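First the structure, in the form of structure tokens, and then the observations on it.
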């Protein structure tokens with residue numbers, strides 16, 4: 000399990016300080032989730 004899995008867990012939960020900070024910074028959470036999933040998929044190959 001890597002850090003991308005931890006980030007994905009935070010994004011999946013959809014609440015908490017980390018998610019709130021990302022929202023304040025203007026991060027598109029769905030886009031970030033998609034990028035993390037792509038990274039995980041690439042690392043499996």
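Numbering (the numbering used here), first residue to last: 0 to 44.
Quick reminder that beta carbons are idealized off the backbone N, C-alpha and C, glycines included.
All of these numbers come straight from a predicted model, not from anything done at the bench.
Residue closest to residue 7, alpha-carbon to alpha-carbon, out of 44, 35 and 15: Here the question's residue 7 lines up with position 8 in the chain shown. Comparing alpha carbon positions, the residue from 44, 35 and 15 closest to residue 7 is 35.
Cut-off 8 Å between Cβ atoms - residues of its own chain near residue 18, not counting five sequence neighbours on either side: Here residue 18 corresponds to residue number 19 of the chain shown, with the count starting at 1. For residue 18, where only same-chain residues beyond five positions count, the Cβ hits under 8 Å are 9, 10, 12 and 28.
DSSP-derived helix/strand/coil call for residue 30: In the chain shown, counting from the first residue as 1, residue 30 sits at position 31. The answer is helix: DSSP assigns residue 30 an H, G or I state.
CB of residue 38 within 7 Å of CB of residue 3, strictly: Here residue 38 corresponds to residue number 39 of the chain shown, with the count starting at 1. Here residue 3 corresponds to residue number 4 of the chain shown, with the count starting at 1. The Cβ atoms of residue 38 and residue 3 lie closer than 7 Å to each other.
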